[in-house]
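Peer 1: I'd like to ask you about the structure that follows.
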């Protein structure tokens, strides 16, 4: 993942003099980029670590394979080892995160340390998945045969302030809509329940449709909201100034350390 801050300076002088100013984006120091997800699923979890590259560089960002990586709680330490094939750090043992438990990430690399903390929110249950036919899409489908919707039903706890990330899959492949593969909401948007939330993608009969819901902390929610603003910023006169997403990482690192309880369910469309 690459992050860029584009600084646009508009200098207007009501004089006859003009001066050309050339910006040198290569002067920005490389920064570490962290991507990690710990869930309440019993499995080996991951931490990805890379570094940003120059403005004009192309190809993959450099992966860092010589770091010491661990995730700790007040009761346990989980060591992560680098997997060259997957190009990420994988926990040495499988474990399931626990709701309301705080987790701390610690990365030591070349004399530099990155830390982060995140607390696992409580579990939100999926009550039901159903499908329906979108009559308008059936009349004029963008893709022939793809006019089925997956509808999601889930209860939203009313006694806490909650934040969510949603992911939608077709036949085990994550789906994008308007360039987005991650969708986020707080409980103001969700209200008391997720009542027939349609997936942002259409399915055909026989497809396997899968829904994942991640309960996330406010810090993780803010990161994705900021990231969405960066992606959708059109650079217009009234657009906000581009900035790197806020996160929970120390050491001026980019990315996010996410700790989530999650729920997932699937159904076969048309059956």
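Numbering (this note's numbering), first residue to last: 1158 to 1428. Cβ coordinates follow ideal geometry from the N, Cα and C atoms, glycine included. Computed from a predicted structure; not experimentally measured.
Return the CA-CA distance between residue 1330 and residue 1421, expressed in angstroms with no decimal places.
Peer 2: About 14 Å.
Peer 1: Cα-Cα, which of 1194, 1370, 1369 and 1411 is closest to residue 1248?
Peer 2: Measuring from the Cα of residue 1248, the nearest candidate turns out to be 1194.
Peer 1: I think residue 1313 touches residue 1275, with their Cβ atoms under 8 Å apart; what is that distance to the nearest whole Å?
Peer 2: In fact, because the Cβ distance is near 21 Å, the residues do not count as touching under 8 Å.
Peer 1: Please give the ranges of any beta strand (DSSP E) in the segment 1320 to 1374, keeping only runs that are unbroken, at least 3 residues long and fully inside the region.
Peer 2: Within the segment 1320 to 1374, the complete beta strand (DSSP E) runs of at least 3 residues are 1320 to 1327, 1340 to 1343, 1350 to 1355 and 1365 to 1373.
Peer 1: Express the C-alpha separation of residue 1256 and residue 1409 in angstroms, rounding to a whole number.
Peer 2: So the alpha carbons of these two residues sit roughly 28 Å apart.
Peer 1: According to the neighbour-count rule (16 or more other Cβ atoms, all chains shown, within 10 Å of its Cβ), is residue 1251 buried or exposed?
Peer 2: The residue in question, residue 1251, is exposed, as its Cβ has fewer than 16 Cβ neighbours within 10 Å.
Peer 1: Given residue 1173, which residues of its chain have a CB within under 7 Å of its CB, disregarding the five upstream and five downstream residues?
Peer 2: Note that residue 1173 scores a pLDDT of 47, beneath 50, so its modelled location is shaky; the value from the coordinates is reported in the next line. Cβ within range, chain order: n/a, list empty.
Peer 1: So, are the CB atoms of residue 1354 and residue 1308 less than 9 Å apart?
Peer 2: Yes, the pair counts as a contact, with Cβ atoms nearer than the cut-off.
Peer 1: With distances taken between CB atoms, is the gap from residue 1401 to residue 1376 smaller than 9 Å?
Peer 2: No, Cβ-Cβ distance for residue 1401 and residue 1376 is not below 9 Å.
Peer 1: Helix, strand or coil: which one does DSSP assign to residue 1426?
Peer 2: DSSP places residue 1426 in coil when its eight states are reduced to three.
Peer 1: Which residues mark the beginning and the end of the beta strand (DSSP E) in which residue 1259 is found?
Peer 2: Looking at the DSSP string, the run of the beta strand (DSSP E) that includes residue 1259 is 1259 to 1266.
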